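Novice: There's a structure below that I have some questions on.
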Amino acid sequence: MVLSSIDPALLLASLIVASTPILLAALGELVVERAGVLNLGVEGMMITGAICGFAMAVNTGSPFVGFVAAAVGGAILALLFALLTQLALANQVASGLALTLFGLGLSSLLGQGYVGIKPPPTTRLDLPVLSDLPFVGRVLFSHDLMVYVALALVALVWGLLKYTRAGLILRAVGENHEAAHALGYKVVRIRILAILFGGACAGLGGAYLSLVRVPQWTEGMTSGAGWIALALVVFASWKVGRVLLGAWLFGGVSVLQLNLQAAGVAIPVEYLSMSPYLITILVLVIMSADKSRAPGSLGRIFHASQ
Amino acid sequence: MTGDLLTVSGLTKAYPGVVANDAVSFAIREGEVHALLGENGAGKSTLVKMIYGLVKPDSGTMTLRGAPYAPHDPHAARLAGVAMVFQHFSLFDAMSVAENVALGMENPPPMRDLATRIREVSETYGLPLDPDRTVGDLSAGERQRVEIIRCLLQEPRLLIMDEPTSVLTPQEVEILFQTLRKLTGEGVAILYISHKLEEIRALCDHATILRQGRNVGTCTPRETSARAMAELMVGSSFAAPERARGGKGDVLLEVSGLSVAAQGQFGTALHAISFAVQAGEVLGIGGVAGNGQDELLAVLSGEMPVPAETLRLKGATIGQHGPSQRRAMGLLTAPEERLGHAAAPDMSLTENAILTGAARENLVNRGFLKWDAAEAFARRIITGFDVRTPGPGTAARALSGGNLQKFVIGREVLQRPEVLVVNQPTWGVDAAAAAAIRQALLDLAAGGAAVICISQDLDELIEISDRFGALSEGRLSEIRPTQGLSVEEIGLMMGGAHGMEVAHV
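Heads up: the sequence lines are chains A and B, in that order.
Going by the UniProt record's numbering, the first sequence opens with residue 1, and the numbers climb by one from there.
Going by the UniProt record's numbering, the second sequence opens with residue 1, and the numbers climb by one from there.
Spelled out as C-alpha cells, the structure:
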C-alpha cells in the first residue's frame, strides 16, 4: 500500500510549516480589509519581504534580523500603497495590482546576487519535555519560533478585533467611513496603520518562505501565495478563525499532494498540484454561504469633504 | 431659564466659491429648544458642524457657559458636553446597538455594563431599545433612538438635532417631543434643525433664521406663523400649491394582488397589494421608511420584474415589461435616491436628461445621440423648474440636493407622463422649492395624468393627494379619501391598523 509510506506525524508537522506563509499574509490582509481597504498587492509585499529577509539574514547571519527586515520591507512597500490610496486618493484595485508588479520586479533586482546561496538555518525550538512527547511533540512543539509568532498573532488579532476599543474603531472605519469620520475618528490615519500592519505581515510570510520553507532565493518564489492569501480572506468571510482554518487546509492539502506524488499514487500530477487551490476554495465557499458580508466601505475611497 | 449656554459670534466659514457662513452670531440659552431655520444651502449644516468640531471656522468665536469654546474635533466637543444626532445617521449597519453606542462615547464602560445602561436610559426616556440587536435590522425610528441614546449617555448640555423627524411617524414624533421636553426640563439645551415649520412652532422657544449664510433674523416660533417663517427663510413671498382640477377620468394604472419576496438582507416583502389610480388624481402613499416604499417603486418602474397580469396600464398588462418599455407606454418614475438612482452623479445634466428622456423626447436617432435636442431639453428643465446651476453641462453631483431634486422631478414631468410615480419628491428640499415641486405634480394631475406620490412627509401627502393609503411592513392599508382624514387616523394606518380599529378611536 503506497499510503503507508506517509508518516502522519510528519505530515501534520509539515502542514503547519506549509501554512504559515499564507496564514501571515492573509491575517495582515484581513486587518487591512476590516479597515475598509482592498490591497491587492499582497503578492508583491510578500516577495519583497522574502528577498529583504533573505538578504539581511545572509549578510548578518541572523535569521531574526532577517525577519525584522522582511517586516520592515513589506511595510515600506505598503506605505507606498497607503500614500497612493489614502492621500493621493488613487484607485485601490489599480494601485494594488501595480504594487504586486512593482514588488515582483523590485525583488528580482534586489535578489540578483543571492541566487543559489543557502541562508543561515532558523533553529527549531527545543522545548524540554514537550518536544519529546510522542506524536504531539513532533506535530506541535518542535517548530521554529515564527510558527508560534504567527499563531500568537492570530490570537492577538482575533482578541483585538472582538474585545478591544481599538478593534471596534477599526471595524467601524471599515464598515462606514463617513459615519466614523462624523464621530471624529481619524479614518485615514487608522487605515494607513492597518495597511502598514498588513504589509509587515505579508513581508514576514514571504521571509518564512525564503528562510524556512524552501529555504533559498529564487525569482518569483511566492508563486501566487499572495493571491491565495487574498482569496482566503474573502472566502473566510473576514473572520480570523476561518482564515486559520483555511490556511491549514491549504497547507495540509499542499503537503498531502506532495506526499501522494512522492508515493506514486496513480493520479496525474497536474490534478494533484491544482488540488490545494481547488479544495481550499471549495470548502471556504461552502462555509461562507451564511449571511456574513464584506465590510461596508471596502475598497471605497474616503475623502473628508463636507 | 438661566443665562446663555452657547454663544456664537461672527462665525465665518468659506469654501472655494461659496461663503457657507458669513459672520453668524446667536445665542442658545440653557434649557431651551432653539430652532435653526433656512433653505437648503443656507449654511445650517456648516454651522452645526463647526459647533460639533467637524469643521473649523475661518474666523469668529464661540463660548460655552462663558468659557471660550473652540473644539478641534468631535471628541473635544463631546467632552465639553455637546452631542449631535445626524440627519443621515452615523450608524454602522453590521454592528450591534451597544457597539454603535460605544463608538459615539468618549469613555464607554465595558460592554456588559453598557448594555445595562442602554436599557436604563431607554426606559427613563421612553425609547425602548434592545442593545444586542444588529442596527441593520432596525427601523428608521429605532435607528434614531440609537443615535439619541448614544448622545444621552454622555449627559450632554447641548444636543444638536439635524432634521430628526423626517423619518418618523406622527406617533414617533410625539414620543420624540416628549423625550426632548423631558431633557429641556433637566436643563439641556437643544439646537433643532428642521424644515417642518409646524413642528418648530410646537416645540421651539426661539428660532434663528439663516439665508445664504447670514443670520437674517430671529423669531419666537409660537408667535409667528409658519408662512411668515418660510418667507423669512426665502426672503420673499411664494405661492402655496393650489389645487385646480377637473374631474377624474378613466383608471390608468391598476395593481392587483401584487406580492414580491424580500430582496437582500435588509429588504421588505410586498404582500397582496392592490390599488388603482385614475386620470386626474394624486394618490398619496405614506408610511415610515423601510416598509416597502422602495420595493413598490421598483415594481412600478419595472426594475423588479413581476407577473404580467399584476400590473395594467390602460388595460394592457405591463408586469413583464422593463423600465424602457413602460416609459414608452407612458408610465414614468422618479426614485427617492437622487444621486445614484435618479441621476448618475458624475454625468452632466444633459446626459442625465438623455438617460430617461431618450425615447419620449426623441433624443436618439438610430443609436446616435442628438446632443442639441438633449441640451435643449435639459435647458427646458432648468428654466421650467428653476434649477439653480451654471448650465446643462454641470455634473449632477455638483448640484445641491434640492436643486437636483427639482431637476429629476422636472425631467419626468416635462416628458408628459400619463402615470407618474414619485418617491419622496421633496425630501430634503426647502419650503419654496418643495412648494414648486408639489405645484408641478398638481398641475400634472390637473392636466389629466395620474400621479402616485410615495412620501414620508404627511403634510405633503395631505396637501396634494386626493386619496391616501399607507404602507406598513409591505402591506397597503385601505385607500381612503384624504379629505376629512385626521393625523391620528393616518398615524394608525401607518402603524398597520386598518379600518375597524380606526373606527373605534
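Even glycine gets a Cβ: it sits at the ideal position worked out from N, Cα and C.
Here the structure is a predicted model, which means the values were calculated and not measured.
Measuring CA to CA, which of B:T7, B:A77, B:E106 and B:G287 is closest to Q456 of chain B?
Specialist: By 1-based counting over the second sequence, the position of residue 456 of chain B is 456. The residue with the shortest Cα to Cα distance from Q456 of chain B is B:G287.
Novice: Quick test of the definition: if touching needs 3 or more C-beta pairs under 8 Å, does the stretch 81 to 101 of chain A touch the stretch 204 to 223 of chain A?
Specialist: no
Novice: Is there a C-beta anywhere in chain B that falls below 8 Å from the one on G167 of chain A?
Specialist: Here residue 167 of chain A corresponds to residue number 167 of the first sequence, with the count starting at 1. Output row for G167 of chain A: interface = no.
Novice: So, for F81 of chain A: in the same chain, excluding its five sequence neighbours on each side, which residues have a beta-carbon less than 7 Å away from its beta-carbon?
Specialist: By one-based count along the first sequence, residue 81 of chain A stands at place 81. Excluding residues within five positions, the ones whose Cβ falls inside 7 Å are N39, G41, S95, G96, L99 and I195.
Novice: To which residues of the same chain is L89 of chain A closer than 7 Å at the C-beta, ignoring the five residues directly before and after it?
Specialist: Residue mapping note: residue 89 of chain A aligns to position 89 of the first sequence, counting from 1. If we look at L89 of chain A and ignore the five residues flanking it on each side, its Cβ neighbours are I301 and H303.
Novice: State yes or no: is the beta carbon of G296 of chain A nearer than 8 Å to at least one beta carbon in chain B?
Specialist: As a working mapping, residue 296 of chain A is identified with position 296 in the first sequence. Yes, G296 of chain A lies at the interface with chain B (some Cβ there is under 8 Å from its Cβ).
Novice: Quick check: A334 of chain B and N403 of chain B, are their CB atoms within less than 8 Å of each other?
Specialist: The residue labelled residue 334 of chain B in the question sits at position 334 within the second sequence. The residue labelled residue 403 of chain B in the question sits at position 403 within the second sequence. No; because the gap between Cβ atoms is not below 8 Å, this pair is not in contact.
Novice: Going along the chain, which residues of the stretch 99 to 127 of chain B sit with their C-beta nearer than 8 Å to a C-beta in chain A?
Specialist: E99, A102, L103, G104 and P108
Novice: Closest Cβ-Cβ distance between A449 of chain B and chain A: below 8 Å?
Specialist: Along the second sequence, one-based indexing puts residue 449 of chain B at 449. It does not; no Cβ of chain A falls within 8 Å.
Novice: If you measure between the beta carbons of P63 of chain A and A70 of chain A, is that distance less than 8 Å?
Specialist: Residue mapping note: residue 63 of chain A aligns to position 63 of the first sequence, counting from 1. Residue mapping note: residue 70 of chain A aligns to position 70 of the first sequence, counting from 1. No, the Cβ-Cβ distance between P63 of chain A and A70 of chain A is not below 8 Å.
Novice: Measuring only between beta-carbons, confirm whether S90 of chain B sits less than 8 Å from chain A.
Specialist: Translated into positions along the second sequence, residue 90 of chain B becomes position 90. So yes, S90 of chain B belongs to the interface.
Novice: Can you tell me where the alpha helix (DSSP H) with Q144 of chain B in it begins and where it stops?
Specialist: Counting from one through the second sequence, the residue named residue 144 of chain B turns up at place 144. From DSSP, the alpha helix (DSSP H) with Q144 of chain B extends over A140 to L152.
Novice: Exposed or buried, what is K406 of chain B when buried is set at 16 or more other beta-carbons lying within 10 Å of its beta-carbon?
Specialist: Indexing the second sequence from 1 puts residue 406 of chain B at position 406. Buried, since its Cβ has 16 or more Cβ neighbours within 10 Å.
Novice: Closer than 8 Å, CB to CB, is L54 of chain B near chain A or not?
Specialist: On the second sequence, residue 54 of chain B is found 54 positions in, with the first residue counted as 1. True, the Cβ-Cβ gap to chain A drops below 8 Å.
Novice: Report yes if the CB atom of I228 of chain A is closer than 8 Å to the CB atom of I22 of chain A, and no otherwise.
Specialist: For the purposes of this step, residue 228 of chain A is taken as residue 228 along the first sequence, with counting starting at 1. For the purposes of this step, residue 22 of chain A is taken as residue 22 along the first sequence, with counting starting at 1. In this structure, I22 of chain A lies closer than 8 Å to I228 of chain A by Cβ.
Novice: Can you name the residues that DSSP bridges to Q278 of chain B?
Specialist: Along the second sequence, one-based indexing puts residue 278 of chain B at 278. Looking at the DSSP assignment, Q278 of chain B forms a beta bridge with B:V251.
Novice: Please report how far the alpha carbon of L10 of chain A lies from the alpha carbon of L151 of chain A, in whole angstroms.
Specialist: For the purposes of this step, residue 10 of chain A is taken as the residue at position 10 of the first sequence. For the purposes of this step, residue 151 of chain A is taken as the residue at position 151 of the first sequence. If you take the alpha carbons of L10 of chain A and L151 of chain A, they lie about 19 Å apart.
Novice: Could you name the residues of chain A that P74 of chain B contacts, counting a contact when the two beta carbons are closer than 7 Å?
Specialist: The sequence position of residue 74 of chain B within the second sequence is 74, counting from 1. Going along chain A in sequence order, the residues near P74 of chain B (Cβ under 7 Å) are L183 and G184.
Novice: By how many angstroms is the C-alpha of E488 of chain B removed from the C-alpha of A276 of chain B?
Specialist: The sequence position of residue 276 of chain B within the second sequence is 276, counting from 1. The sequence position of residue 488 of chain B within the second sequence is 488, counting from 1. Rounded to the nearest angstrom, the two C-alpha atoms are 25 Å apart.
Novice: Please indicate yes or no: does the CB of T122 of chain A lie closer than 7 Å to some heavy atom of the ligand NAP?
Specialist: Annotation note on the ligand NAP: not contained in the displayed structure, which lists no ligands.
Novice: Determine the burial state of R411 of chain B: buried for a count of at least 16 other Cβ atoms within 10 Å of its Cβ, exposed for fewer.
Specialist: Residue 411 of chain B sits at position 411 when you count from the first residue of the second sequence. Buried is the call here.
Novice: For M274 of chain A, count neighbouring Cβ atoms within 10 angstroms of its own Cβ and tell me buried if that reaches 16, exposed if not.
Specialist: Sequence index remark: in the first sequence, residue 274 of chain A carries index 274 (1-based). Burial call: exposed.
Novice: Return the chain-ordered ranges of every alpha helix (DSSP H) run that is complete within the stretch 373 to 460 of chain B and spans a minimum of 4 residues.
Specialist: Listed in chain order, they are 401 to 413 and 431 to 446.
Novice: Considering only their Cβ atoms, is the gap separating G249 of chain B from G280 of chain B smaller than 8 Å?
Specialist: Taking the second sequence and counting its residues from 1, one reaches residue 280 of chain B at position 280. Taking the second sequence and counting its residues from 1, one reaches residue 249 of chain B at position 249. Yes. Within cutoff.
Novice: Are the stretch 343 to 361 of chain B and the stretch 316 to 335 of chain B in contact at 8 Å, needing three or more beta carbon pairs?
Specialist: yes
Novice: Do L106 of chain A and T164 of chain A count as a contact pair if the criterion is CB distance below 8 Å?
Specialist: On the first sequence, residue 164 of chain A is found 164 positions in, with the first residue counted as 1. On the first sequence, residue 106 of chain A is found 106 positions in, with the first residue counted as 1. Contact: no.
Novice: List the endpoints of the continuous alpha helix (DSSP H) containing C204 of chain B.
Specialist: Taking the second sequence and counting its residues from 1, the one referred to as residue 204 of chain B is at position 204. No alpha helix (DSSP H) contains C204 of chain B, which DSSP labels as neither H nor E.
Novice: Is it true that the CB of A102 of chain B sits closer than 8 Å to the CB of residue 313 of chain A?
Specialist: Here chain A covers residues 1 to 306 and nothing more, so residue 313 of chain A does not appear.
Novice: Would you please state the rounded distance, in angstroms, between the beta carbons of V255 of chain A and S14 of chain A? I believe it to be under 8 Å.
Specialist: As a first step, residue 255 of chain A is located in the first sequence; it is residue number 255 there, counting from the start. As a first step, residue 14 of chain A is located in the first sequence; it is residue number 14 there, counting from the start. V255 of chain A to S14 of chain A, Cβ: 5 Å. Contact.
Novice: Buried or exposed: where does L109 of chain A fall if 16 or more other Cβ atoms within 10 Å of its Cβ makes it buried?
Specialist: Within the first sequence, the letter at position 109 stands for residue 109 of chain A. It counts as exposed.
Novice: Excluding the five sequence neighbours on either side, which residues of its own chain have a C-beta within less than 7 Å of the C-beta of G257 of chain B, listed in chain order?
Specialist: By one-based count along the second sequence, residue 257 of chain B stands at place 257. In chain order, A272, S274 and T310 place their CB closer than 7 Å to the CB of G257 of chain B, counting only its own chain and leaving out the 5 sequence neighbours on each side.
Novice: CB L441 of chain B to CB V282 of chain B, shorter than 8 Å?
Specialist: Here residue 441 of chain B refers to the residue found at position 441 when the second sequence is read from its first residue. Here residue 282 of chain B refers to the residue found at position 282 when the second sequence is read from its first residue. The answer is yes: Cβ separation under 8 Å.
Novice: Under the DSSP definition of a beta bridge, which residues are partnered with F368 of chain B?
Specialist: As a working mapping, residue 368 of chain B is identified with position 368 in the second sequence. Paired residue(s): B:N365.
Novice: In whole angstroms, what is the alpha-carbon distance linking A18 of chain A and G252 of chain A?
Specialist: By 1-based counting over the first sequence, the position of residue 18 of chain A is 18. By 1-based counting over the first sequence, the position of residue 252 of chain A is 252. Those two C-alpha atoms are separated by around 7 Å.
Novice: Taking beta-carbon pairs under 8 Å, can you tell me which members of the stretch 155 to 180 of chain A lie near chain B?
Specialist: R165, L168, I169, R171, A172, E175, N176, E178, A179 and A180
Novice: So, is I117 of chain A buried or exposed, given that buried needs 16 or more other C-beta atoms within 10 angstroms?
Specialist: Taking the first residue of the first sequence as 1, we reach residue 117 of chain A at position 117. By the neighbour-count rule (16 or more Cβ atoms within 10 Å), I117 of chain A is not buried but exposed.
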